[in-house]
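Trainee: If you number the sequence shown the way numbering that gives the first Met the number 0 does, the last residue is 161 and the count never jumps.
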Amino acid sequence: MTLTRPTFPAPDHDHDRCTADGIDHAERVCQQKSQKFTPIRRHVLQALLSSHRPLGAYEVIEELAKLMPRPAPITVYRALEFLIENGLVHRIESRNAYLACAHDHDAAALVAFLICEACGSVGEIPAASVAQSLSAAARASGFAPKLSVVEITGVCAHCQNK
Ligand SMILES: [Zn+2]
Ligand SMILES: [Zn+2]
Ligand SMILES: [Zn+2]
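1. Determine which residues share a DSSP beta bridge with T152 and list them.
2. Heavy atom of ligand 2 less than 7 angstroms from the Cβ of V110, yes or no?
3. Using the beta-carbon count (16 or more within 10 Å), is A107 buried or exposed?
4. Quick one: what's got a C-beta closer than 6 angstroms to G122's C-beta in the same chain, skipping five residues either side?
5. Is V154 near ligand 3, going by C-beta to nearest heavy atom under 7 angstroms?
6. What is the C-beta distance between H51 and S120, in whole angstroms, given that I count them as a contact (C-beta under 8 angstroms)?
7. Could you check where the alpha helix (DSSP H) with H24 kicks off and where it finishes?
8. Are the CB atoms of L44 and A25 within a distance shorter than 8 angstroms?
9. Residues in its own chain within less than 7 angstroms of P162 by CB, not counting five upstream and five downstream?
10. Please state whether DSSP places R90 in a helix, a strand or coil.
11. Taking 7 angstroms as the cut-off, is the C-beta of C17 nearer than that to any heavy atom in ligand 2?
12. Find the nearest neighbour of E58 within the set D15, Y97, V149, judged by alpha-carbon distance.
13. Using only the alpha-carbon positions, how far apart do D105 and G86 sit?
14. Going along the chain, which residues of its own chain have a beta-carbon closer than 7 angstroms to the beta-carbon of A101, five neighbours each way excluded?
15. Among all the DSSP beta bridges, which residues are the ones paired with A96?
16. Can you list, in chain order, the residues of its chain whose CB lies under 6 angstroms from that of E62, leaving out five sequence neighbours each side?
17. Specify the secondary structure class of L47 as computed by DSSP and reduced to three states.
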């Protein structure tokens with residue numbers, strides 16, 4: 000559904016639209032899977048949807064503390080876990096941070112994260128074929144790979160043009 004959207008939206012894009020689409024997508028996914036989209040899960044996702052930069056768990060807590068009594072870290076971690084299990088959030092390992100995902104991809108599909116070092120935005124692109132060749136190369140050396148993430152740092156097109 001959001002596949003036509005650019006990997007890195009222009010700085011002046013209608014971000015309210017991204018937020019609304021992200022919440023709609025989450026509602027649909029939870030309904031399809033008969034999962035409860037509880038208020039805390041919704042608030043955590045909303046905090047992550049506030050920009051295209053991934054947030055650390057404590058930044059999520061800070062965001063939530065603006066709207067409600069400060070939630071306990073365990074509450075936020077549980078909500079993040081739920082969102083990750085249901086393919087609504089990705090963990091960006093190298094940043095120890097979380098990124099909302101409104102792409103309609105398989106939860107097991109391998110994606111590559113493009114991390115802009117200038118603005119901090121993270122875009123995701125499908126990376127199944129890359130993953131296959133990396134896994135094949137690892138297996139060829141007798142290694143049993145458990146490939147789950149590909150993260151690439153660099154500079155996004157918008158920051159390059161600045
Ligand atoms: Zn946006
Ligand atoms: Zn994704
Ligand atoms: Zn950038």
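Glycine included, C-beta positions come from ideal geometry on N, C-alpha and C.
Mentor: On the basis of the data shown:
1. Within the sequence shown, the letter at position 153 stands for residue 152. DSSP, once it has assigned bridges, lists I114 as partnering T152.
2. Locating residue 110 in the sequence shown gives position 111, where the first residue counts as 1. True, at least one ligand heavy atom lies under 7 angstroms from that Cβ.
3. Locating residue 107 in the sequence shown gives position 108, where the first residue counts as 1. Under this definition A107 is an exposed residue.
4. Counting from one through the sequence shown, the residue named residue 122 turns up at place 123. Once the five neighbours on either side are set aside, the close Cβ partners of G122 are T6, F7, L113.
5. Working through the sequence shown from its first residue, we reach residue 154 at position 155. At least one heavy atom of ligand 3 is found less than 7 angstroms from the C-beta of V154.
6. As a first step, residue 51 is located in the sequence shown; it is residue number 52 there, counting from the start. As a first step, residue 120 is located in the sequence shown; it is residue number 121 there, counting from the start. That pair is a contact at about 4 angstroms.
7. Within the sequence shown, the letter at position 25 stands for residue 24. Note, H24: alpha helix (DSSP H), 14 to 31.
8. The count along the sequence shown starts at 1 and reaches residue 25 at position 26. The count along the sequence shown starts at 1 and reaches residue 44 at position 45. A contact, by the Cβ cut-off of 8 angstroms.
9. Summary: the structure shown does not reach residue 162, with the chain confined to residues 0 through 161, and so no result is reported for it.
10. Counting from 1 along the sequence shown, the entry for residue 90 is found at position 91. Looking at R90 - three-state DSSP - the assignment turns out to be strand.
11. Working through the sequence shown from its first residue, we reach residue 17 at position 18. No - ligand 2 has no heavy atom lying nearer than 7 angstroms to the Cβ of C17.
12. Along the sequence shown, read from residue 1 onward, the residue named residue 58 stands at position 59. Out of D15, Y97, V149, Y97 has the C-alpha closest to the C-alpha of E58.
13. Locating residue 105 in the sequence shown gives position 106, counting from the first residue. Locating residue 86 in the sequence shown gives position 87, counting from the first residue. So the two alpha carbons sit approximately 8 angstroms from each other.
14. Here residue 101 is taken as the residue at index 102 of the sequence shown, counted from 1. Cβ contact annotation for A101 (same chain, cutoff 7 angstroms, sequence separation greater than five): T1, D20, G21, H24, in chain order.
15. Reading the sequence shown from its first residue, position 97 is the one you call residue 96. When DSSP reads this structure, A96 sits in a beta bridge with I91.
16. Here residue 62 is taken as the residue at index 63 of the sequence shown, counted from 1. Excluding five sequence positions before and after E62, the CB atoms of its chain that fall closer than 6 angstroms to its own CB belong to A46, given in chain order.
17. For the purposes of this step, residue 47 is identified with residue 48 of the sequence shown, where counting begins at 1. Collapsing the DSSP output to three states places L47 in a helix.
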